[in-house]
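Peer 1: End of the sequence shown = 175 in the numbering used here, gap-free, step of one.
The beta carbon of each residue, even a glycine, is placed where N, CA and C say it ideally should be.
Computed from a prediction, not measured in an experiment: that's the story for all the values here.
Handing you this structure, nothing more for now.
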Amino acid sequence: MKKVLGANKVARGYARDESDSKRLKAAGVKTIYRADRGETLDRFRMRNGEFLGVVDGLRAFGGRREIGKAVKLIHSWGCTVIDAETGLQSRQDGVEMMRQAIAPKLKPGRAEELQILSAKSRTDDGRLSKRKAEMIWRNRGYTVEETVELSGWPQATAYHVFGPRFKKRKTED
Numbered sequence: 003m004k005k006v007l008g009a010n011k012v013a014r015g016y017a018r019d020e021s022d023s024k025r026l027k028a029a030g031v032k033t034i035y036r037a038d039r040g041e042t043l044d045r046f047r048m049r050n051g052e053f054l055g056v057v058d059g060l061r062a063f064g065g066r067r068e069i070g071k072a073v074k075l076i077h078s079w080g081c082t083v084i085d086a087e088t089g090l091q092s093r094q095d096g097v098e099m100m101r102q103a104i105a106p107k108l109k110p111g112r113a114e115e116l117q118i119l120s121a122k123s124r125t126d127d128g129r130l131s132k133r134k135a136e137m138i139w140r141n142r143g144y145t146v147e148e149t150v151e152l153s154g155w156p157q158a159t160a161y162h163v164f165g166p167r168f169k170k171r172k173t174e175d
């Protein structure tokens with residue numbers, strides 16, 4: 003893990019849990035307060051000009067509303083929130099830190115895995131493809147019950163998608 007220029011100026015850190023605490027220690031932060039132990043911002047105070055280290059943007063403070071209140075409180079002390087890993091500071095890079103905090107946190111490769119599962123669920127639901135189902139729907143040799151059985155499409159869905167089974171041809175007089 004790379005050391006950030008501002009990380010050596012961090013007086014204290016604030017972490018959500020043990021994993022965040024380990025990441026802050028790896029960045030060189032010595033004193034770390036943890037939210038999961040009840041060490042909230044109202045339990046300690048910082049001096050003017052100090053930096054409070056966090057990881058993952060402002061995620062350690064909670065949701066949007068809690069983040070806003072926490073940053074406002076810390077700034078009122080004359081302090082700045084700094085991401086110990088990236089070096090982003092709340093006074094200059096607050097928007098980017100907020101974006102990182104509210105963005106969904108997925109493990110690497112998890113998005114691709116979810117995409118594959120989604121595609122599989124759409125294709126493996128027991129139905130034939132639209133083209134094959136329409137061929138069975140239009141075939142006069144099958145009853146409605148047989149078309150439902152063969153295609154896997156419910157009758158109402160097939161009717162909605164394909165229309166009536168047998169269209170009457172217009173005769174010109």
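Taking only the alpha-carbon atoms, compute the straight-line gap between GLU20 and LEU119 and give it to the nearest angstrom.
Peer 2: 31 angstroms
Peer 1: Using DSSP with H/G/I as helix, E/B as strand and the rest coil, what is VAL57?
Peer 2: coil
Peer 1: What residues in its chain sit with their C-beta under 8 angstroms from that of SER92, if we drop five residues either side in the sequence?
Peer 2: The answer, listed in chain order, is LEU60, VAL73, ILE76, HIS77, THR82, VAL83, ILE84 and MET99.
Peer 1: So, with DSSP's three-state summary, where would you put GLY89?
Peer 2: coil
Peer 1: According to DSSP, which residues form a beta bridge with TYR16?
Peer 2: TYR35
Peer 1: Apply the 10 Å Cβ neighbour rule to SER23 and answer buried if 16 or more other Cβ atoms are within range, or exposed otherwise.
Peer 2: SER23 should be labelled buried.
Peer 1: Which term fits ILE104, buried or exposed, when burial requires 16 or more other beta carbons within 10 angstroms of its beta carbon?
Peer 2: exposed
Peer 1: Please work out which residues of its chain come closer than 7 angstroms, Cβ to Cβ, to ASN141, disregarding the five sequence neighbours upstream and downstream, and give them in chain order.
Peer 2: none
Peer 1: Over the uninterrupted alpha helix (DSSP H) stretch that includes ARG133, give me the two end residues.
Peer 2: 132-140
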